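Visitor: This is the structure I have questions about; it appears just below.
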Amino acid sequence: MLLHIGLGTFRPVKEDNILDHKMHTEYFEIDEQNAAIINRATKEGRRVICVGTTAVRTLETVADEEGFVRPLKGNTDIFIYPGYKFKAVKGLITNFHLPESTLIMLVSAFVGREKTLEIYREAVNERYRFFSFGDSSMFI
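Numbering (the numbering used here), first residue to last: 3 to 142.
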């Protein structure tokens, strides 16, 4: 799997209505071999766990409603925020992201708003590091 992360990943959402936010695009490639590995795990009822929000966005872009993915090259501008129903991804390892970012909205969509706030309070209290080279969490 190949992912190109754009600078827009780190752009905060400034609109009052998040639906007005224009999502950046990221280029991805999922080859047949990786699609087969992911689909085998899905078929066997195992969790598909992504490392990073870009990987989540990629798999959710190429997944069908049953969670099976297809090999594909292209760009995604999927915006995942609370209320989104995940199709392929059953776990996430990611950094601590900044408030008002699309990244924190994706985390919130995955674990819920209240749980996200609880986790972030802990991170601030314990002085965890944020950004791409900071601490991380695993959500399953």
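C-beta: ideal position from N, C-alpha, C; glycine also.
Just so it is clear, the structure is predicted and the values come from calculations on it, not from any experiment.
Using three-state DSSP, classify Y29 as helix, strand or coil.
Guide: Locating residue 29 in the sequence shown gives position 27, counting from the first residue. Note: Y29 maps to strand in three-state DSSP.
Visitor: Could you give the residue range of the alpha helix (DSSP H) that holds K16?
Guide: Position 14 of the sequence shown, counted from the first residue, corresponds to residue 16. Careful: K16 lies outside any alpha helix (DSSP H) and carries neither H nor E.
Visitor: Spatial neighbours of F132 within its chain, please: C-beta separation below 8 Å, excluding the five flanking residues on both sides.
Guide: Sequence index remark: in the sequence shown, residue 132 carries index 130 (1-based). Hits under 8 Å: N97, F98, H99, L100 and A125.
Visitor: Apply the 10 Å Cβ neighbour rule to L21 and answer buried if 16 or more other Cβ atoms are within range, or exposed otherwise.
Guide: Residue mapping note: residue 21 aligns to position 19 of the sequence shown, counting from 1. Exposed is the call here.
Visitor: Can you tell which of M3, I142, K24 and D18 has its C-alpha closest to the C-alpha of I82?
Guide: On the sequence shown, residue 82 is found 80 positions in, with the first residue counted as 1. The option with the nearest alpha carbon to I82 is K24.
Visitor: Helix, strand or coil: how does DSSP classify F98 here?
Guide: By one-based count along the sequence shown, residue 98 stands at place 96. Coil.
Visitor: Does the Cβ of R59 have 16 or more other Cβ atoms within 10 Å, making it buried, or fewer, making it exposed?
Guide: By one-based count along the sequence shown, residue 59 stands at place 57. Buried.
Visitor: Measure the alpha-carbon distance for G93 versus I40 and round it to whole angstroms.
Guide: If you number the sequence shown from 1, residue 93 lands on position 91. If you number the sequence shown from 1, residue 40 lands on position 38. Roughly 13 Å between the two C-alpha positions.
Visitor: What are the boundary residues of the alpha helix (DSSP H) that L108 is part of?
Guide: Locating residue 108 in the sequence shown gives position 106, where the first residue counts as 1. Note, L108: alpha helix (DSSP H), T104 to V113.
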